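Structure record follows, encoded as structure tokens.
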Amino acid sequence: MQQWLKGIIRRPVTVAMITIAAVTFGVLSLGRLPLELLPDITYPTLTVQTELPDASPHEVEQLVTDPIEEVVGVTQGLRRYVSNSRAGVSEVVLEFTWDTDMQRASLDVREKLDLVNLPDDARAPLVYRFDPSLDPMMKLSLSGNRPVPELRKLAEIRIKRRLETVTGVAAARVTGGAEDEVLVELDSQRLDALSLSVLEVARKLGQENVNRSGGEIRDRQTAYRLRTVREFRSMEDIEDVIVRHGETGTLRVRDIGSVAIVPRDDEILVRVNGRPAVQLDLYKEGDANAVFVAQRVRARLDELEQDRSLSGCKIEVLSDQARFIEDSIASVKSTALMGALLAALVLYLFLRNLLSTLTIALSIPVSVAVTFFLMELTDVSMNVLSLGGLALGIGMLVDNSVVVLEAIQRLRDKGMEAKQAVVEGTGQVMGGIIASTLTTIAVFLPLIFVQGIGGEIF
């Protein structure tokens, strides 16, 4: 150990350059670390959502929820499940053990859902996982002296598209307001007279409103892919759909009903301070820095305020995760900084040596900067828990520094030369410092084996 220390002391320039390089890498890494409130947490849950339009809660439970529970209830690793049946929607939440491979569990659930016999008008079950990071990072509202349908069109055309071009924004979703939809209203008397059912007409419309691949044509070394485009582009296309063709002639949709564009019934009503509005939910990309993305979004909102097409409208920020993250991180940072300053002050009061105090105080930012570089290498985000760990590390660093300096100073007081005192003093207390540090590590080591949410956090 002493030979190693002597080698370091004999190369002050090398040590200084390595330290400066490490600090530089740490400072650069600090600007690239993602800011989050908590570390990424993966909950072992799956939600199966199935829609059965126009069905009562009791019908949803009998026709959808119960059959799904029967097939997914035997999935490997499943702890329990909770179902919720409401008008038109069935939700079955599956909770697995924390050591379950959720990718495999998701595949197993999807395979079992393929075996469920659901009503013909039920939509395909959707399986999704709960992930807190998928919650919208920012919620906005658009209100003004215009009808809600017009507000929605402005939000989708003028605001949504502009915000989705912001770096770090993955998607923007508009809710509230009435969307336009195509209504095909059929004459029931005509249907009865022609022995037609609504389902037959709906099936025919679905068959016609598709684009299909038409194969390919080869010309020497060139291949041309064919594609038949049959999607409806206008109401006239819907009216011209042939429902039946026979000896009595051709029967089209226009012969048995009418086609019109009507506003869809509002499923979600948004009001801001009692005024009708529409809401925009912004989602960030997975590896994007929430704080930086929010700053860019606010800058884009300032630009949108100058848009003349939005005159008379008001864009408000309803919630912003970045503000909460900034406040929490700033609080922990200020606490750690205050602790470091108080530690330096206490050291000076007891050591009565400005050089020794500055030596310890300088070791704190150097060590923290190097830690930022290691955090980037190990994909650790800047969050409340990682900053708390840094604060704990600063305390241990100060303790060890005091012990080493005291040992060196004691030998210096006996008349030993400075470099020799550094080697001898550090060597004398090195074993105790390592043992003390390992003891602290051993206290927190069992957290690795903690199951559940506690283990995910720590």
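Per my numbering, residue 1 is the first one in the sequence shown, and the count goes up by one each step.
No residue lacks a Cβ here, since even glycine has one placed at the ideal position from N, Cα and C.
If you're wondering where the values come from, they're calculated on a predicted model, not measured in any experiment.
Requested in this report: Identify, in the order they occur along the chain, each residue of the same chain with its Cβ nearer than 8 Å to the Cβ of Arg230, setting aside the five sequence neighbours on each side.
Outcome: Position 230 of the sequence shown holds residue 230. Cβ neighbours of Arg230 beyond the five flanking positions: Glu208, Asn209, Val210, Asn211, Arg212.
Query raised in the report: Going by beta carbon distance, what residues of the same chain come within less than 8 Å of Arg79, once the five residues before and after it are set aside?
Result: By one-based count along the sequence shown, residue 79 stands at place 79. Cβ within range, chain order: Glu95, Phe96, Thr97.
Query - Sheet register partners of Ala223 (DSSP bridge) - result: Indexing the sequence shown from 1 puts residue 223 at position 223. The partner list for Ala223 (beta bridge, DSSP) reads Arg218.
Report task. With DSSP as the reference, label Tyr348 as helix, strand or coil. Result -> Stepping through the sequence shown from its first residue, residue 348 is reached at position 348. DSSP places Tyr348 in helix when its eight states are reduced to three.
Query - Proximal residues to Ile217 (C-beta, below 8 Å), its chain only, five neighbours per side dropped - result: For the purposes of this step, residue 217 is taken as residue 217 along the sequence shown, with counting starting at 1. Ala223, Tyr224, Leu226, listed in sequence order.
Query raised in the report: When DSSP labels each residue in this structure, what does Ser436 get in the three-state scheme?
Result: Here residue 436 corresponds to residue number 436 of the sequence shown, with the count starting at 1. Three-state DSSP puts Ser436 in a helix.
Query raised in the report: What does DSSP give as the partner residues of Gly246 in its beta bridges?
Result: The sequence position of residue 246 within the sequence shown is 246, counting from 1. Its beta-bridge partners are Gly249.
Query raised in the report: Looking at the structure shown, is Phe449 part of a helix, part of a strand, or coil, going by DSSP?
Result: In the sequence shown, the residue the question calls residue 449 occupies position 449. The DSSP-derived three-state label of Phe449 is helix.
Query - Member of Val297, Lys204, Val291, Gln428 whose CA lies at the smallest distance from the CA of Leu37 - result: In the sequence shown, the residue the question calls residue 37 occupies position 37. Taking only the C-alpha atoms, the option nearest Leu37 is Val291.
Query raised in the report: By a C-beta neighbour count over all protein chains shown, 10 Å radius and 16 as the cutoff for buried, is Gly257 buried or exposed?
Result: Here residue 257 refers to the residue found at position 257 of the sequence shown. Flag for Gly257 reads buried.
Query raised in the report: Going straight from the alpha carbon of Ser90 to that of Glu156, what length do you get?
Result: On the sequence shown, position 90 is the one that residue 90 refers to. On the sequence shown, position 156 is the one that residue 156 refers to. Rounded to the nearest angstrom, the two C-alpha atoms are 29 Å apart.
**Report entry** Under 9 Å between C-beta atoms of Gln279 and Gly144
**Finding:** Here residue 279 refers to the residue found at position 279 of the sequence shown. Here residue 144 refers to the residue found at position 144 of the sequence shown. No, they are not a contact pair.
Query raised in the report: Under the three-state reduction of DSSP, which class applies to Leu78: helix, strand or coil?
Result: Translated into positions along the sequence shown, residue 78 becomes position 78. In the structure shown, Leu78 sits in a strand (DSSP, three-state: E or B).
**Report entry** Residue closest to Asp320, alpha-carbon to alpha-carbon, out of Thr335, Lys314, Arg298
**Finding:** Position 320 of the sequence shown, counting from 1, holds the residue named residue 320. Answer by Cα proximity: Arg298.
Requested in this report: Taking only the alpha-carbon atoms, compute the straight-line gap between Glu417 and Gln409 and give it to the nearest angstrom.
Outcome: Working through the sequence shown from its first residue, we reach residue 417 at position 417. Working through the sequence shown from its first residue, we reach residue 409 at position 409. About 11 Å.
Report task. Using three-state DSSP, classify Leu5 as helix, strand or coil. Result -> Stepping through the sequence shown from its first residue, residue 5 is reached at position 5. Helix at Leu5.
**Report entry** For Leu115 and Ile325, the rounded distance between their alpha carbons
**Finding:** The sequence position of residue 325 within the sequence shown is 325, counting from 1. The sequence position of residue 115 within the sequence shown is 115, counting from 1. Using only the alpha carbons, I get a separation of about 44 Å.
Report task. Work out the CA separation of Arg123 and Ile238 for me, nearest whole Å. Result -> On the sequence shown, residue 238 is found 238 positions in, with the first residue counted as 1. On the sequence shown, residue 123 is found 123 positions in, with the first residue counted as 1. One alpha carbon belongs to Ile238, the other to Arg123, and they sit about 23 Å apart.
Query raised in the report: From this set, Val366, Val346, Ser367, which residue's C-alpha is nearest Thr357's C-alpha?
Result: As a first step, residue 357 is located in the sequence shown; it is residue number 357 there, counting from the start. The shortest Cα separation from Thr357 among Val366, Val346, Ser367 belongs to Val346.
Report task. Flag this pair as yes or no: are the beta carbons of Thr459 and Leu126 separated by less than 9 Å? Result -> As displayed, the chain neither begins before 1 nor continues past 458, which places residue 459 out of reach and without an answer.
Query - Whether Arg129 touches Leu196 by CB criterion (9 Å) - result: In the sequence shown, counting from the first residue as 1, residue 129 sits at position 129. In the sequence shown, counting from the first residue as 1, residue 196 sits at position 196. Against a cut-off of 9 Å, the Cβ pair of Leu196 and Arg129 comes out as no contact.
Query - Short Cβ contact (9 Å threshold) for Ile364 with Leu397 - result: Taking the sequence shown and counting its residues from 1, the one referred to as residue 364 is at position 364. Taking the sequence shown and counting its residues from 1, the one referred to as residue 397 is at position 397. Yes. Within cutoff.
Query - Status (buried if at least 16 other CB within 10 Å, exposed otherwise) for Asn400 - result: Locating residue 400 in the sequence shown gives position 400, counting from the first residue. So Asn400 counts as buried.
Query raised in the report: Of all the alpha helix (DSSP H) runs that stay within the bounds of the region 267-319, which reach a length of 4 or more residues?
Result: 290-304
Report task. Just the C-alpha distance for Thr426 and Ala369, rounded to the nearest angstrom, thanks. Result -> Reading the sequence shown from its first residue, position 426 is the one you call residue 426. Reading the sequence shown from its first residue, position 369 is the one you call residue 369. Between Thr426 and Ala369, the C-alpha separation is close to 24 Å.
Requested in this report: Measure the Cβ-Cβ separation of Val109 and Val48 and say whether it is below 9 Å.
Outcome: Taking the sequence shown and counting its residues from 1, one reaches residue 109 at position 109. Taking the sequence shown and counting its residues from 1, one reaches residue 48 at position 48. Contact: yes.
Requested in this report: Have a look at the DSSP bridge pairing and note the partners of Glu51.
Outcome: Walking along the sequence shown from the start, residue 51 turns up at place 51. Answer is Val89.
Report task. Quick one: give me the first and last residue of the beta strand (DSSP E) that Glu61 is part of. Result -> Translated into the one-based positions of the sequence shown, residue 61 becomes position 61. Run containing Glu61: none; DSSP gives neither H nor E here.
Report task. Write down every uninterrupted run of the alpha helix (DSSP H) in the region 93-163 whose length is 4 residues or greater and which is fully enclosed by it, in chain order. Result -> 102-113, 148-154, all fully within the region 93-163.
**Report entry** Residues sharing a beta bridge with Glu185, DSSP
**Finding:** The sequence position of residue 185 within the sequence shown is 185, counting from 1. Ser258, per the DSSP bridge assignment.
**Report entry** CA nearest to the CA of Met375, picked from Pro34, Gln3, Arg10, Ser331
**Finding:** As a first step, residue 375 must be located in the sequence shown, where it is residue number 375. That would be Pro34, whose Cα lies nearest to the Cα of Met375.
**Report entry** Arg173, enclosing beta strand (DSSP E) - first and last residue
**Finding:** As a first step, residue 173 must be located in the sequence shown, where it is residue number 173. Counting along the chain, the beta strand (DSSP E) containing Arg173 begins and ends at 169-175.
Query raised in the report: Are the region 303-313 and the region 165-176 touching, with three or more C-beta to C-beta distances below 8 Å?
Result: no
Query raised in the report: With 16 as the cutoff for other CB atoms within 10 Å, does Gly246 come out buried or exposed?
Result: In the sequence shown, counting from the first residue as 1, residue 246 sits at position 246. Result: exposed.
Query raised in the report: Which residue's Cα is closest to the Cα of Leu5: Gly432, Phe449, Ala435, Gln428?
Result: As a position in the sequence shown, residue 5 is number 5, starting the count at 1. For Leu5, the nearest C-alpha among the options comes from Gln428.
Query raised in the report: Name the DSSP beta bridge partners of Met382, please?
Result: To locate residue 382, count along the sequence shown from 1; it is residue 382. DSSP output for Met382 lists Leu35 as bridge partner(s).
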